[in-house]
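Have a look at the structure below before the remarks.
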Amino acid sequence: MCYDISFSSNIQLITDYLPDLIVDGQLNFDFDMAIHVMAQAYRKYPVIINDGGAYKLMPFEWGVIADYMNTPEKIKQSRQYMCNAQSEKIINDKKSFWRRIRSKRCLIPVTGIFEHREIKGWKNKVPYFIHLTDRPMFCIPGLYHYAPIPDVETGEIKGTFTLITRSANSVMKQIHNGGPNVFRMPMFLPKELELKWLQSDLTDEGIQEVLDFEMPSEQLDYWPVFTIRSTKPRPDSKEKTAPYEWPNLPPLGIDESTEQKSLFS
1 MCYDISFSSN
11 IQLITDYLPD
21 LIVDGQLNFD
31 FDMAIHVMAQ
41 AYRKYPVIIN
51 DGGAYKLMPF
61 EWGVIADYMN
71 TPEKIKQSRQ
81 YMCNAQSEKI
91 INDKKSFWRR
101 IRSKRCLIPV
111 TGIFEHREIK
121 GWKNKVPYFI
131 HLTDRPMFCI
141 PGLYHYAPIP
151 DVETGEIKGT
161 FTLITRSANS
171 VMKQIHNGGP
181 NVFRMPMFLP
191 KELELKWLQS
201 DLTDEGIQEV
211 LDFEMPSEQL
221 DYWPVFTIRS
231 TKPRPDSKEK
241 TAPYEWPNLP
251 PLGIDESTEQ
261 KSLFS
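Quick note, the sequence shown lines up with residues 1 to 265 if you use the UniProt record's numbering.
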């Protein structure tokens, strides 16, 4: 699944991408901290919604709080599983919560995402940075929902969102090659389908058409980076998205190594 995204620019990149975008007055987002955003930190992140025909950039928390999470204890127990939504369940699974909120569609602006690759014989997985070759920024489709109960500390009714994933293309299968949700990737779309996703009158057939799109592997650029889920600084002092050369890293498609490596060595 996708639990790590990146936005390594500023708000102008988003407003240039969608010139008619209305920025919510309460959006107080530190773009300097967005080069790596983790899902289960439940931080607020700017997402784009269609509000009565107007595109708005809103501060929502990553990780949907569903209606059945009606106590703080249930939120703590179940929210961790609501950061990604499988595309196959949005239309076809009538018991899925995602089908129930399929009209609440949003876009998550990113400059790239991180995914982890498993290599036999290595102690830790190797993170990769992935982005589109033709756009410095793109949007991942998602769904949003307002929490059923107020926040216990602030009294706020939180806006929350989930990021949609699908089966991986050939390159992403080689990167996201392990774990309980192996061979999946975020939905990457051409810009015309991103905008279609926000259409208020989109039918189930239209939703399915968007969800059926698979981004060709040749439209992705990717490289290994230093470990991202650690406070330990990079040995080369470069930013998290910069390429990192791991000694003896086998090429994609070859997932065995005779030498055991640690990402923290």
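Virtual Cβ for every residue (Gly too), placed ideally from N, Cα, C.
(message) Assess contact between the region 112-120 and the region 16-27, defined as three or more Cβ pairs (one per stretch) separated by less than 8 Å. Is contact present?
(response) Put simply, the region 112-120 does not touch the region 16-27. Fewer than three CB pairs are less than 8 Å apart.
(message) Among Glu245, Met215 and Phe31, whose alpha-carbon lies nearest the alpha-carbon of Leu132?
(response) It is Met215.
(request) Since I believe Val210 is in contact with Leu189 (beta carbons under 8 Å), could you give me their beta-carbon distance rounded to a whole number of angstroms? (result) 7 Å
(request) Put Arg79 into one of helix, strand or coil per three-state DSSP. (result) helix
(request) Would you list the residues sitting across from Thr162 in a DSSP beta bridge? (result) Leu143
(message) Whole angstroms are fine: how far does the CA of Asp236 sit from the CA of Met58?
(response) 36 Å
(message) Quick check: what's the CA-CA separation for Trp246 versus Pro224?
(response) Going from the Cα of Trp246 to the Cα of Pro224 covers about 8 Å.
(message) At the level of alpha carbons, what is the spacing between Asp30 and Arg184?
(response) 29 Å
(message) Please return the same chain residues whose Cβ sits closer than 7 Å to the Cβ of Asn70, not counting the five positions on each side in sequence.
(response) Pro148 and Ile149
(message) So, with DSSP's three-state summary, where would you put Lys104?
(response) coil
(message) Counting C-beta neighbours from all protein chains within 10 Å, is the total for Gln174 16 or more, i.e. buried, or is it exposed?
(response) buried
(request) Reducing DSSP to helix, strand and coil, say where Arg135 ends up. (result) Arg135 falls in the coil class under three-state DSSP.
(message) On a Cα-Cα basis, can you pick out the residue from Ala39, Glu153, Tyr42 and Lys56 that is closest to Tyr17?
(response) That would be Lys56, whose Cα lies nearest to the Cα of Tyr17.
(request) Leaving aside the five residues before and after Asn181 along the sequence, list all residues of the same chain whose C-beta is less than 6 Å from its C-beta, in chain order. (result) Met1
(request) Indicate the three-state DSSP secondary structure (helix, strand or coil) for Val225 in the structure shown. (result) coil
(request) Assuming Ile164 contacts Leu107 (C-beta within less than 8 Å), just tell me the rounded distance between them. (result) With a Cβ gap of about 10 Å, Ile164 and Leu107 do not count as contacting.
(message) I'd like to know whether the C-beta atoms of Gly179 and Thr162 end up nearer to each other than 8 Å.
(response) no
(message) Considering only DSSP beta bridges, list what Trp62 is partnered with.
(response) Phe161
(request) Could you check the C-alpha separation between Met187 and Lys123 for me, to the nearest Å? (result) Near 29 Å, if we compare the C-alpha coordinates of Lys123 and Met187.
(request) Use the C-beta contact count for Gly63: other C-beta atoms within 10 angstroms, 16 or more gives buried, fewer gives exposed. (result) buried
(request) Check each candidate in Ala39, Asp32 and Pro243 and name the one with the smallest Cα separation from Ile11. (result) Asp32
(request) Reducing DSSP to helix, strand and coil, say where Tyr17 ends up. (result) helix
(request) Within its chain, find whatever has a CB closer than 6 Å to the CB of Trp197; leave out the 5 residues flanking it on each side and keep chain order. (result) Arg105, Pro141 and Val210
(message) Taking its Cβ as the centre, do 16 or more other Cβ atoms sit within 10 Å of Glu153, making it buried, or is it exposed?
(response) With a 10 Å radius around the Cβ and a threshold of 16 neighbouring Cβ atoms, Glu153 comes out exposed.
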